[in-house]
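J.: Here the protein sequences line up with chains R and A, keeping their order.
Numbered per my numbering, the first sequence spans residues 749 to 864.
Numbered per my numbering, the second sequence spans residues 314 to 428.
Glycine is no exception: its CB is placed at the ideal position from the N, C-alpha and C atoms.
Sharing a structure below in structure tokens format, with a few things to ask.
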Amino acid sequence: DTAVSQTPKYLVTQMGNDKSIKCEQNLGHDTMYWYKQDSKKFLKIMFSYNNKELIINETVPNRFSPKSPDKAHLNLHINSLELGDSAVYFCASSQDLEGKSSDTQYFGPGTRLTVL
Amino acid sequence: AQSVTQLGSHVSVSEGALVLLRCNYSSSVPPYLFWYVQYPNQGLQLLLKYTSAATLVKGINGFEAEFKKSETSFHLTKPSAHMSDAAEYFCAVSILTGGGNKLTFGTGTQLKVEL
């Protein structure tokens, strides 16, 4: 029974294309996140949504656009893909009761994006 | 700004030996600290977290970590390494920002377990 799922697991595409990665959580959590892990395994937050509202937007090119149709889903759309976008993208979710930063974030299995 | 530093990008131990992975934090407020493990080609799994309830935190798979304020450290230990412990380990600090919280990760430590 997968808690946080992502599709696809692998994505290989050409420079300049537009692609989307989907994320779903069945934990009933209010907050969802996108993280990027580069080739050196460094993890950095990109976005966070709480109840479909964008609350964290790190310094990410505006080619990246998250969309949350409901609080169980957070998709990531990337326009005009560049070589430097190649990375593993992780979705995560947490309950995030107001004022609590101790809540555990649960991660999906990741999507490995390769831009050729 | 809050941050964590992991000392040693690669650690190698023999099976049955003590595992010690180091993490130091920098924070102007009491931090919430986490250790996550990432097995090859998988997502991150929580090992344990410090939320100020107790300084010695026990996690899954026999791991534990001790919060030491005087040393600003949160090192991860396991008394006896097993081959299945080989993975990438990440220390992280949680930061509450304007209604949301985000994890700031260290650079990771790759643990290798040898026979």
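1) Please report the distance separating the alpha-carbon of A:S393 from that of R:K757.
2) Grab me the residues of A:S407's own chain with a C-beta within less than 6 Å of its C-beta, minus the 5 sequence neighbours each way, in chain order.
3) Pick out whichever of R:L864, R:T859, R:V863 has its Cα sitting closest to the Cα of R:E772.
4) Please tell me whether R:G856 and R:V752 are closer than 8 Å, where the distance is taken between their beta carbons.
5) Please list the terminal residues of the continuous beta strand (DSSP E) segment that includes A:V326.
6) For A:T368, count neighbouring Cβ atoms within 10 angstroms of its own Cβ and tell me buried if that reaches 16, exposed if not.
7) Please report whether the beta-carbon of R:K789 lies at a distance below 8 Å from any beta-carbon of chain A.
8) Going along the chain, which residues of its own chain have a beta-carbon closer than 8 Å to the beta-carbon of A:P343, five neighbours each way excluded?
9) Output needed for R:T862: all residues of its chain with C-beta closer than 6 Å, excluding positions within five of it in sequence on either side, in chain order.
10) How far does the beta strand (DSSP E) with R:T859 in it reach, from first residue to last?
11) Give the interface partners of A:F403 over in chain R, defined as CB-CB distance under 8 Å, in chain order.
12) So what's R:N823 in DSSP terms, helix, strand or just coil?
13) Spell out the partners DSSP gives R:Q785 in its beta bridges.
14) Which value, in whole angstroms, describes the spacing of the CA atoms of A:H388 and A:K381?
15) Measure the CB-CB distance between R:D766 and R:N823 and report whether it falls below 8 Å.
16) Taking its Cβ as the centre, do 16 or more other Cβ atoms sit within 10 Å of A:K391, making it buried, or is it exposed?
17) Return yes when the C-beta of R:E806 is under 7 Å from any heavy atom of the ligand COA, and no when it is not.
T.: By the coordinates alone:
1) One C-alpha to the other measures close to 34 Å.
2) So the qualifying residues of the chain are Y345, N414, L416.
3) For R:E772, the nearest C-alpha among the options comes from R:T859.
4) Going by C-beta atoms, R:G856 is nearer than 8 Å to R:V752.
5) Run containing A:V326: 323 to 327, per the beta strand (DSSP E) assignment.
6) Under this definition A:T368 is an exposed residue.
7) Among the CB atoms of chain A, one or more fall inside 8 Å of the CB of R:K789.
8) Cβ neighbours of A:P343 beyond the five flanking positions: S365.
9) Closer than 6 Å at the Cβ level, and outside the excluded window around R:T862, lie V760, S834.
10) Counted as a single uninterrupted DSSP element, the beta strand (DSSP E) harbouring R:T859 occupies residues 859 to 863.
11) Chain R residues near A:F403: L791.
12) It is a strand residue.
13) Answer by DSSP bridge pairing, in chain order: R:L791, R:V836.
14) C-alpha separation (whole angstroms): 9 Å.
15) R:N823 sits away from R:D766, with the two beta carbons spaced by 8 Å or more.
16) Looking at its Cβ environment, which holds 16 or more other Cβ atoms inside 10 Å, A:K391 is buried.
17) Absence of the ligand COA from the depicted structure is noted, as is the absence of any ligand whatsoever, leaving it without description.
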